[in-house]
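J.:
Below you can see the structure in the form of structure tokens.
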């Protein structure tokens, strides 16, 4: 269930971050869970080492909110896999969350490196 | 969110499992491509994914509404626990079933009598039209159970009223279905042509009475049957229109049948046959109510026009009242009555729940009974709370473990409450069944022989809602505190188990308080029961001034017997003589009004030109009357055959009459007369005898002055006569003789037979109901409270085994152990009894009007109640005390709690 409130920084930082990464990954086109997990890992230069399993509850949650949609398709290895794609609402969310993320990062940076 | 997913969570779980499976396959393929062996590839893939089961559980949780899911778990767990403790479950459910059942049954009566709407179209639009403050100060003849208006008024109202789209009037009566001989009564209605239209009732067979049927002169009066009567008397014959029904010896064509649930407009009575109002003169040719200017016999209900409220309707009705009452003023009213009459104002009051005589009579008793059942339930809940506390103690270890491994207090409290809720739900469902049976029994109790009570007792949303509310309240009452207490204990202490000697003092306090509450409340109920029982006894043993036993009242209807008015005297004399000659009959006397029959006749009297300011009860009786009732003659003489229309008019009065009208004088020979109406002077009556005081209408009255006139001197005899018989055999022994004797005189005479005992019983049925029910509830309360006390004492003894063992090892003898325990119980009892006594005195005031011959604070009753309760309760605590004393000290000392 989405939490209401205007505060951009809350306790769900990590969880929110994962959501953001998933949404960003899906801007490139529909993908299944395995691809998404590896894409995140790869594009962050292996810095973000998440347990791939934790991706699935996040996918489930995002789908529940209507930000992504899913369908069964065939993978590169010719297997049935559940594909996810971004919905228009998800695209909006991604935009607004990215902005908020930038604000947050700048704020943290100002705190951590006040001299610069 | 996921309501759909909630209901399809198993499907989604499978879906996710397949998805995770797909991930593993992909990862394994990739790993193999990277050169790992299949086995290594599989293990690496699993490592990468993490715990698949945990992931699925996470997702599963997201799909559930946790509260619902766990509530269901709790209920299943609770059910399992109850199944494993069948004795506890049975006791708890039975207690709750009795408690809620009693509540639901009484509520069902309250609902049926007071709350339920009439089963007609849009009942909220209906309003009753009547005279303000129920027309207090009216005089004249009152017949029917809703004597609100006269026919003349009705005609004027119908012409002048504006608020009602449709207005109807009705009167009730009793028809005799037998063509002669012993009567077979049916509940009759006379209705105006607008009756069924106004109510919006549709026929289930044929057609109903319409305006054309209630035409002047009544050319074609057709009868409408109730559904129940149609089933009972005509076997539900579809071709019943065209058949006929015999009412008081007159044959009427049946035109239709009303729907199954329609019973009329009076709650508590169901009609059998309805006729158009214009047919009334057929039944009362000599004194039709339609002609009587002072005959109040109609009730009126209308459907308000859209936009009209009862207030607005009342305003319009008030505006037309002065003119209306002026134009309908009876011709021979005395000035005083006329002034009251002209001041009357009409009003409209909501009538969606119909009218009811029962409602007025049984309102207070029903509310008192509802309060009593409420107390029973509270006692039952206190008892259950105690039981649950004991069980929670037994489950301390289990709960401690669960707390220790991380269950939250709220979660455990919720689980314990779910168990209580389960108990409450099962208990109230069983209670609802008990209620159905009990309320049927209560209605049967309210029945009198002549007038069966009809109440719609089908289960409706109100009853179910009430029972559910009772169940929830009960559950909270008995479940909440134990649940909170159980989870408040420190987990470590309960897991380790405590081996104390006098431990858990504090938890005891709560249980003691519960016992005190039970004792106090059950004393209230017990005292109430004793008060009602003693009132009933007082009423039953009150000396009515005549001998009820063996007395039979024979009511004869001569309307169909074709006896000319001038011959009635001769025929009535003949009837009395024949009845007196029946074997088993030792005396017979004619009476206009049989005592305790509910009928009455009163008026003011004039002595020496002075109007006395008291109402005197009157009766017109024949020579054998006082002998038949064994009422002693105190002075002077009885009526005799020498008192005729030609001789001096005479009267016999009772002792109270003498005390109030001729104090310290010899009444014999004095003259008085009943207040004259204009143009109708009453004869001057000479007192020839004084009889002992008797009851007139009911047992509760005291000091009623009665004057008896000689029936043989009545100038105008009605076509009815009653004869009181003194029999040695009772009714069964003389029934055949009576019907034969009357049939020989004239087979068309209608006969009703009733014993005086029966009439007295009918008169006291409200009191009997109260005595029985309050007795039942009182006994139930004492029983439950006793079980509660017993339980607490046993439990306390069990917890104090060690202490008792030590005391005995140190030399305390058995008697002192018993004394110690009994003293403990005694303290609780004393506090409870004192509290209960105070509550009883306060509570009994509300029942004052129902008591007879004793005060609500009657000390003897209080003492008796307290003594009874104390004795039973001490017995209940003696048993555990005795067991404790019998226990060998070594056993107690060695025992590990």
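Chains as they are written, first to last, in the numbering used here: chain V, 7 to 122; chain A, 156 to 1052. We put the CB at the ideal spot given by N, CA and C, even for glycine. Since this is a predicted model, take the numbers as computed values, not measurements.
#1: Please say whether residue 781 of chain A and residue 744 of chain A have beta carbons closer to each other than 8 Å?
#2: What are the start and end residues of the alpha helix (DSSP H) that includes residue 1058 of chain A?
#3: Could you check what DSSP says for residue 184 of chain A in three-state terms: helix, strand or coil?
#4: Name, in chain order, the residues that DSSP records as bridge partners for residue 696 of chain A.
#5: Kindly list, in the order they appear in chain A, the residues whose Cβ is closer than 9 Å to that of residue 75 of chain V.
#6: In whole angstroms, what is the alpha-carbon distance linking residue 64 of chain V and residue 611 of chain A?
#7: Going straight from the alpha carbon of residue 915 of chain A to that of residue 538 of chain A, what length do you get?
#8: Quick one: using the 10 Å Cβ neighbour count with 16 as the cut-off for buried, is residue 810 of chain A buried or exposed?
#9: Expressed to the nearest angstrom, what Euclidean distance is found between the alpha-carbon atoms of residue 855 of chain A and residue 764 of chain A?
#10: Compare the C-beta of residue 204 of chain A against all C-beta atoms of chain V and say whether one is closer than 8 Å.
#11: Secondary structure at residue 199 of chain A, three-state DSSP: helix, strand or coil?
#12: Please list, in chain order, the residues of the segment 25 to 45 of chain V that have any C-beta partner in chain A closer than 9 Å.
#13: With which residues is residue 108 of chain V paired in a DSSP beta bridge?
#14: Which value, in whole angstroms, describes the spacing of the CA atoms of residue 799 of chain A and residue 878 of chain A?
#15: Could you give the uninterrupted runs of the alpha helix (DSSP H) lying entirely in the segment 212 to 269 of chain A, keeping only those of 4 residues or more?
#16: Taking 8 Å as the cut-off, decide whether the C-beta atoms of residue 505 of chain A and residue 282 of chain A are in contact.
#17: Could you give the residue range of the beta strand (DSSP E) that holds residue 75 of chain V?
#18: Taking residue 204 of chain A and residue 175 of chain A to be in contact with their CB atoms under 8 Å, please state how far apart those CB atoms are, rounded to whole angstroms.
#19: Judging by CA-CA distance, which residue of A/459, A/274, A/402, A/426 is the nearest neighbour of residue 438 of chain A?
#20: In the DSSP assignment, find the alpha helix (DSSP H) that holds residue 566 of chain A and state where it starts and stops.
#21: Tell me the rounded alpha-carbon separation between residue 775 of chain A and residue 796 of chain A.
#22: Where does residue 1022 of chain A land, buried or exposed, given buried means 16+ other C-beta within 10 angstroms?
#23: Measure the alpha-carbon distance for residue 294 of chain A versus residue 919 of chain A and round it to whole angstroms.
#24: Can you give me the start and stop residues for the alpha helix (DSSP H) that residue 525 of chain A sits inside?
#25: When DSSP labels each residue in this structure, what does residue 882 of chain A get in the three-state scheme?
#26: Do residue 741 of chain A and residue 881 of chain A have their beta-carbon atoms positioned less than 8 Å apart in this structure?
#27: Give me the residue from A/713, A/307, A/370, A/588 with the minimum Cα distance to residue 481 of chain A.
#28: For the segment 687 to 743 of chain A, which segments carrying the alpha helix (DSSP H) assignment without a break, of at least 4 residues, lie completely within its bounds, in sequence order?
#29: Give me the chain V residues within the contact set of residue 171 of chain A, using Cβ-Cβ distance strictly less than 8 Å, ordered along the chain.
#30: Taking the alpha helix (DSSP H) that residue 998 of chain A belongs to, which residues open and close that run?
#31: Along chain A, in chain order, which residues have C-beta atoms closer than 9 Å to that of residue 85 of chain V?
#32: Which residues share a DSSP beta bridge with residue 496 of chain A?
#33: Where does the unbroken alpha helix (DSSP H) through residue 40 of chain V begin, and where does it stop?
#34: Is residue 96 of chain V close to chain A? Criterion is C-beta to C-beta, closer than 8 Å.
#35: From this set, A/954, A/398, A/286, which residue's C-alpha is nearest residue 303 of chain A's C-alpha?
#36: To which residues does DSSP link residue 340 of chain A through a beta bridge?
T.: Let's see:
#1: Against the second chain, residue 744 of chain A aligns to sequence position 589. Against the second chain, residue 781 of chain A aligns to sequence position 626. Yes, the pair counts as a contact, with Cβ atoms nearer than the cut-off.
#2: Residue numbering for chain A in the displayed model covers 156 to 1052; residue 1058 of chain A lies beyond these limits and cannot be assessed.
#3: The count along the second chain starts at 1 and reaches residue 184 of chain A at position 29. Three-state result, residue 184 of chain A: helix.
#4: Taking the second chain and counting its residues from 1, one reaches residue 696 of chain A at position 541. According to DSSP, residue 696 of chain A bridges with nothing at all.
#5: In the first chain, counting from the first residue as 1, residue 75 of chain V sits at position 69. Those do not exist, as residue 75 of chain V stays about 14 Å from chain A at its closest Cβ, beyond 9 Å.
#6: Here residue 64 of chain V is taken as the residue at index 58 of the first chain, counted from 1. Here residue 611 of chain A is taken as the residue at index 456 of the second chain, counted from 1. Each residue's alpha carbon lies about 59 Å from the other.
#7: Here the question's residue 915 of chain A lines up with position 760 in the second chain. Here the question's residue 538 of chain A lines up with position 383 in the second chain. Their Cα atoms are separated by approximately 41 Å.
#8: Numbered from its first residue, the second chain carries residue 810 of chain A at position 655. So residue 810 of chain A ends up on the buried side.
#9: Counted from its first residue, the second chain places residue 855 of chain A at position 700. Counted from its first residue, the second chain places residue 764 of chain A at position 609. Approximately 33 Å between the Cα atoms of the pair.
#10: Walking along the second chain from the start, residue 204 of chain A turns up at place 49. It does; some Cβ of chain V falls within 8 Å.
#11: In the second chain, the residue the question calls residue 199 of chain A occupies position 44. Note: residue 199 of chain A maps to helix in three-state DSSP.
#12: 38, 39, 40, 41, 43, 44
#13: For the purposes of this step, residue 108 of chain V is identified with residue 102 of the first chain, where counting begins at 1. Looking at the DSSP assignment, residue 108 of chain V forms no beta bridge with any residue, so it has no partner.
#14: As a working note, residue 799 of chain A is residue 644 in the second chain. As a working note, residue 878 of chain A is residue 723 in the second chain. Whole-angstrom Cα-Cα distance: 18 Å.
#15: 221 to 239, 241 to 265
#16: Position 350 of the second chain, counted from the first residue, corresponds to residue 505 of chain A. Position 127 of the second chain, counted from the first residue, corresponds to residue 282 of chain A. Result yes, Cβ atoms of residue 505 of chain A and residue 282 of chain A sit closer than 8 Å.
#17: As a working mapping, residue 75 of chain V is identified with position 69 in the first chain. Start and end: 74 to 80.
#18: Counting from 1 along the second chain, the entry for residue 204 of chain A is found at position 49. Counting from 1 along the second chain, the entry for residue 175 of chain A is found at position 20. At roughly 7 Å, the Cβ-Cβ gap stays under 8 Å, so residue 204 of chain A and residue 175 of chain A are in contact.
#19: Here residue 438 of chain A refers to the residue found at position 283 when the second chain is read from its first residue. Nearest option by C-alpha distance: A/402.
#20: In the second chain, residue 566 of chain A corresponds to position 411, counting from 1. Counting along the chain, the alpha helix (DSSP H) containing residue 566 of chain A begins and ends at 564 to 601.
#21: Along the second chain, read from residue 1 onward, the residue named residue 775 of chain A stands at position 620. Along the second chain, read from residue 1 onward, the residue named residue 796 of chain A stands at position 641. Roughly 14 Å separates the two Cα atoms.
#22: Position 867 of the second chain, counting from 1, holds the residue named residue 1022 of chain A. The residue in question, residue 1022 of chain A, is exposed, as its Cβ has fewer than 16 Cβ neighbours within 10 Å.
#23: To locate residue 294 of chain A, count along the second chain from 1; it is residue 139. To locate residue 919 of chain A, count along the second chain from 1; it is residue 764. Approximately 28 Å, taken between the alpha carbons.
#24: Translated into the one-based positions of the second chain, residue 525 of chain A becomes position 370. Unbroken alpha helix (DSSP H) run through residue 525 of chain A: 512 to 549.
#25: Here residue 882 of chain A is taken as the residue at index 727 of the second chain, counted from 1. Note: residue 882 of chain A maps to strand in three-state DSSP.
#26: For the purposes of this step, residue 881 of chain A is taken as residue 726 along the second chain, with counting starting at 1. For the purposes of this step, residue 741 of chain A is taken as residue 586 along the second chain, with counting starting at 1. Yes, the pair counts as a contact, with Cβ atoms nearer than the cut-off.
#27: To locate residue 481 of chain A, count along the second chain from 1; it is residue 326. It is A/307 whose Cα lies nearest to the Cα of residue 481 of chain A.
#28: 723 to 735
#29: Within the second chain, residue 171 of chain A is the residue found at index 16, counting from 1. Going along chain V in sequence order, the residues near residue 171 of chain A (Cβ under 8 Å) are 62, 66.
#30: Within the second chain, residue 998 of chain A is the residue found at index 843, counting from 1. Looking at the DSSP string, the run of the alpha helix (DSSP H) that includes residue 998 of chain A is 969 to 999.
#31: Walking along the first chain from the start, residue 85 of chain V turns up at place 79. By Cβ distance, chain A contributes 177, 180, 181, 184.
#32: Along the second chain, one-based indexing puts residue 496 of chain A at 341. Looking at the DSSP assignment, residue 496 of chain A forms no beta bridge with any residue, so it has no partner.
#33: The residue you call residue 40 of chain V lines up with position 34 of the first chain. Start and end: 39 to 49.
#34: Counting from 1 along the first chain, the entry for residue 96 of chain V is found at position 90. Not an interface residue.
#35: By one-based count along the second chain, residue 303 of chain A stands at place 148. Comparing Cα-Cα distances from residue 303 of chain A to each of A/954, A/398, A/286, the minimum goes to A/286.
#36: As a working note, residue 340 of chain A is residue 185 in the second chain. The partner list for residue 340 of chain A (beta bridge, DSSP) reads A/331.
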